[in-house]
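Worksheet for the structure shown next.
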Ligand code: HSE
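In my numbering, the protein residues as written are 6 to 414.
See below:
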């Protein structure tokens, strides 16, 4: 039986999870793939992490070249997190002809084109199933199972931390700070949680997913990004009064020559399947022109679900006759992102409870009020489809608007 030799960059939470999956399902993996897997080098500062997994101390190194330039290593697993030095290390590995499997969206999304090109030049593979949606096999679905479709829309709950926080804030009336503390204690949040709550983590993931869905590179720099830092309990309560649930959604829509791509807190109807996605779960909702709607649901964070996706990539990479590269990079096919024209419904929150006067004032400005709600000295309205530009114009000079939140209802 052939043995595939693995090098690890990092042996933290996710890296240890990969080692555990390889050990726990060793027989299954042998039966399924006809291969065995051996860890031969680990870039890691902390010796206790190897010890905890029963790995020999001699496997540990603090020198990147001892992994990337190792003559025996077939595949390098990059689970360091953060953009640098992870992106440079992956590039070095690919330039040395080593196939890379990564879970690291914050290194992959901004440097994807460079890494794809380095992989293509050396003939190595670049695999990233775990980089978006954790254990949900969404990359494979987009790359292979949706081939017969134009994908008109992809909408995802792709950050577990914020989904957990919004759920706890609504169900338990928990404060923002307490909900974040819990999400950190449960190991969902990034080392720097501003990437989670600010929406950047979801934007990295949306860049990857939307590019595969739209078959054009949706650059993370072009994705409009608003996190949940300004969300208040009143938003959740007043939205709830209107039969809506708030989610941090990454959305990309094919608008012909342009693509709409953003990460925004967004209200959904309580009856929408995505509204039932609670805790730190993720879900991705796709609309194909042939298959219609597809929804994928599962654990988007955590050591073992993420490791499950990484190990499936290791097996896939080991068995590949030829690695695949992104056609949109080769063709220079970059998405023109424009979020200004797209129309959306909006939830608007105001000081005071006089919904009748508010409705009259907003309708004089050309906005159509669909619903109203009041609670504890504040009120909110749901207004019908307007573009961002139209909303900005209508609200200019309008005093007392405390929040404007997108609604996909
Ligand atoms: N911090 C991320 C999340 C981890 O909360 O979804 C998984 O990418």
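All C-beta atoms in this analysis are idealised placements derived from N, C-alpha and C, irrespective of residue type, glycine included.
Out of the options, which one is the CA nearest neighbour of residue i?
| i | options | result |
| --- | --- | --- |
| residue 342 | 206, 225, 70 and 29 | 225 |
| residue 65 | 12, 288 and 234 | 12 |
| residue 60 | 71, 47 and 68 | 47 |
| residue 238 | 85, 251, 232 and 228 | 251 |
| residue 8 | 265, 87, 77 and 91 | 77 |
| residue 301 | 147, 349, 26 and 332 | 147 |
| residue 140 | 348, 314, 199 and 407 | 314 |
| residue 155 | 397, 317, 379 and 261 | 261 |
| residue 24 | 325, 393, 402 and 312 | 312 |
| residue 277 | 206, 327, 398 and 161 | 161 |
| residue 339 | 221, 273, 264 and 327 | 221 |
| residue 167 | 81, 255 and 128 | 255 |
| residue 287 | 263, 199 and 143 | 143 |
| residue 285 | 274, 268 and 305 | 305 |
| residue 368 | 198, 405, 400 and 203 | 400 |
| residue 214 | 177, 169, 290 and 197 | 290 |
| residue 331 | 132, 346 and 378 | 132 |
| residue 175 | 115, 210 and 242 | 242 |
| residue 81 | 374, 170, 70 and 163 | 70 |
| residue 294 | 249, 282, 223 and 218 | 218 |
| residue 234 | 247, 31 and 205 | 205 |
| residue 111 | 200, 334 and 265 | 200 |
| residue 257 | 208, 158, 92 and 164 | 158 |
| residue 292 | 387, 357 and 152 | 152 |
| residue 208 | 102, 263 and 267 | 267 |
| residue 377 | 189, 178, 188 and 387 | 387 |
| residue 395 | 364, 75 and 346 | 346 |
Three-state secondary structure (DSSP) at residue i?
| i | result |
| --- | --- |
| residue 263 | strand |
| residue 421 | Within the shown structure, residues of the chain are numbered from 6 to 414, placing residue 421 beyond reach of any answer. |
| residue 281 | helix |
| residue 367 | helix |
| residue 393 | helix |
| residue 98 | helix |
| residue 349 | strand |
| residue 424 | This structure cannot settle anything about residue 424, because the visible part of the chain is limited to 6 through 414. |
| residue 151 | coil |
| residue 339 | strand |
| residue 383 | strand |
| residue 133 | coil |
| residue 57 | helix |
| residue 211 | helix |
| residue 250 | strand |
| residue 37 | helix |
| residue 85 | coil |
| residue 356 | strand |
| residue 401 | coil |
| residue 141 | coil |
| residue 407 | strand |
Looking at the unbroken beta strand (DSSP E) that takes in residue i, where does it start and where does it end?
| i | result |
| --- | --- |
| residue 10 | 7 to 14 |
| residue 297 | 297 to 304 |
| residue 291 | 286 to 293 |
| residue 378 | 374 to 380 |
| residue 46 | 40 to 48 |
| residue 161 | 156 to 162 |
Following the continuous alpha helix (DSSP H) through residue i, name the residue where it begins and the one where it ends.
| i | result |
| --- | --- |
| residue 23 | 18 to 29 |
| residue 168 | 165 to 176 |
| residue 110 | 110 to 127 |
| residue 105 | Premise fails: residue 105 lies in the beta strand (DSSP E), 104 to 107, not in any alpha helix (DSSP H). |
| residue 179 | No alpha helix (DSSP H) holds residue 179; DSSP gives it neither H nor E. |
| residue 316 | 308 to 324 |
| residue 335 | 332 to 335 |
| residue 70 | 70 to 73 |
| residue 199 | 199 to 202 |
| residue 64 | No alpha helix (DSSP H) contains residue 64, which DSSP labels as neither H nor E. |
Using 10 angstroms around the beta-carbon of residue i, count the other beta-carbons present and answer buried if the total reaches 16, otherwise exposed.
| i | result |
| --- | --- |
| residue 296 | exposed |
| residue 244 | buried |
| residue 240 | buried |
| residue 271 | buried |
| residue 385 | buried |
| residue 52 | exposed |
| residue 362 | exposed |
| residue 192 | exposed |
| residue 62 | exposed |
| residue 54 | buried |
| residue 57 | exposed |
| residue 327 | exposed |
| residue 170 | buried |
| residue 390 | exposed |
| residue 126 | exposed |
inquiry  = Count Cβ pairs between the segment 182 to 190 and the segment 229 to 238 that sit closer than 8 Å; are there 3 or more?
reply    = no
ask   = Per the contact definition of three or more C-beta pairs closer than 8 Å, is the segment 119 to 137 in contact with the segment 32 to 39?
value = no
inquiry  = Under 8 Å: do the segment 393 to 410 and the segment 343 to 359 share three or more Cβ pairs, one atom per stretch?
reply    = yes
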